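When you read off a place in the sequence shown, starting at 1, and then add 1, the result is the number in the numbering used here. Written out below as structure tokens is the structure these notes cover.
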Amino acid sequence: MSLEIKELRKAFGKTQALDGMDFTVHPGEVYGFVGSNGAGKTTTMRIILGILNADTGDVLNNGKALTFADRQHFGYMPEERGLYPKMKVGEQLIYFAKLHGLSDADARKAMEYWTERLGVHMRRGDEVQALSLGNQQRVQLAAALVHDPSILVLDEPFSGLDPLAVTDMSAVLREKAASGATVVFSSHQLDLVERLCDRVGIASLGKIAAEGTIDHLRESGSDVVIEIEAPDAVATANALRQLGLSPDSGSHRVVRAKLPADMDDQEVLHAALSAGPVHSFTRVRPSLTDLFGSIVQIPAPQPAEDHKKSRFSLFGGKK
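Structure below.
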């Protein structure tokens, strides 16, 4: 099931939270949805789940408008975690599975599988509030997966997790995508997004500012950075300044510089060699963090409506 976000617009008072948000996530794909605070990520996800209504625009499933029945096949992990704190882990997961239409027997099997898979099987009889925050997050992911959804929408699923839990969750998301599910998640952990995702959408000021694979984003959206290792970094840096560059000496032997699009690498190398020996001359591949910094615009502070910490259930009901 493909998930298509078409020209969503949403205002909170005078603040335009979404201003033409538009992207598509395909079956079998892990899509990273990133952006600064206030870029519109959570608002978009709430519209996808039917928690909020868009002012204009559409959310489509395989080209058709979403229905309540479609959303029964969604798995949602909200930013403000939606578990019942005084309900036992196992009972809660069975309850959520049955809400999605599973029989008693199938709901219990699914609960047993996902608590085992996510490492919380020993806590099935405990109330959620007795668990550590990391284990609560594992249970929250189990709640999003327990009905075998075809589309997963996860808002900051890795927030606050230890490295082992991050590895476990990453493996689960890749497995779901490999089985044909559509997976979209938001995260501020850009190194993780870079490793895990097939494609990335970078949101800025309520719309997608750049989108594609990491390699595509590198080719289309970032300055070329050259790193030169030389015995005399000061002399090398001075030679690059003669070309109009603004080199940064990261150490006494390494110089880095951004190149304009029309400058030839060889011109820079010749300038560096004119200052003395060069031990290495390398094009630096920008990370997603580098790309993000070159693309994103920081939004103005949001009004109270966009910052309220309301709690939502997995099915869109406000608690």
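Cβ coordinates follow ideal geometry from the N, Cα and C atoms, glycine included. Remember, it's a predicted structure, so these values are computed and weren't measured experimentally.
Would you say Asp192 and Leu292 are within 9 angstroms of each other, going by their C-beta atoms? no
Using 9 angstroms as the threshold, is the C-beta distance between Phe75 and Val147 below it? no
State the beta-bridge partners of Ile95 as determined by DSSP. None; Ile95 has no bridge partner.
Are Ala272 and Ala231 touching if we call contact CB-CB under 9 angstroms? no
Member of Pro150, Gln73, Lys208 whose CA lies at the smallest distance from the CA of Val297: Lys208
Take Leu50 as the anchor and find which of Leu4, Thr16, Met88 has the nearest alpha-carbon. Leu4
Just the Cα atoms here: how many angstroms apart are Pro86 and Asn54? 28 angstroms
Quick one, which of Ile229, Asp263, Asp233, His217 has its alpha-carbon nearest Val285's? Ile229
Count the other CB atoms within 10 Å of the CB of His101; is the residue buried (16 or more) or exposed (fewer)? buried
With H, G and I counted as helix, E and B as strand and the rest as coil, what does DSSP make of Ile203? strand
Going by CA-CA distance only, name the one from Glu128, Ala240, Gln130, Phe34 that's closest to Val279. Ala240
Simplified DSSP state of Leu1, which is helix, strand or coil: Since the first residue of the chain shown is 2 and the last is 320, residue 1 is not available in this structure.
Taking 9 angstroms as the cut-off, decide whether the C-beta atoms of Met88 and Glu128 are in contact. yes
For the segment 57 to 70 against the segment 107 to 123, are there 3 or more C-beta pairs whose distance is under 8 angstroms? no
Report the residue from Ala238, Leu9, Val269 whose alpha carbon sits nearest the alpha carbon of Met46. Leu9
Grab the span of the beta strand (DSSP E) containing Arg10 for me, first residue to last. 4 to 13
Just to confirm, are Lys196 and Glu212 a CB contact at a threshold of 9 angstroms? In the sequence on display, residue 196 carries Arg and not Lys. It is not a contact, given that the beta carbons lie outside the stated cut-off.
For the candidate residues Ser160, Val173, Arg242, whose alpha-carbon lies nearest to that of Glu268? Arg242
Would you grab the beta carbon distance between Pro287 and Arg219 for me? Rounded to a whole angstrom, and I think it's under 8 angstroms. 6 angstroms
If you compare alpha carbons, which of Leu155, Val90, Asp20 is closest to Val31? Leu155
Among Val256, Asp20, Arg254, Phe282, the one whose alpha carbon lies nearest that of Asp266: Phe282
If I follow the unbroken beta strand (DSSP E) through Met123, where does it start and stop? Counting along the chain, Met123 falls outside any beta strand (DSSP E), and DSSP gives it neither H nor E.
Using 10 angstroms around the beta-carbon of Leu248, count the other beta-carbons present and answer buried if the total reaches 16, otherwise exposed. Looking at the sequence provided, one finds Pro at residue 248 rather than Leu. Pro248 should be labelled buried.
Can you grab the Cα-Cα spacing for the pair Ala234 / Ser221, in whole Å? 30 angstroms
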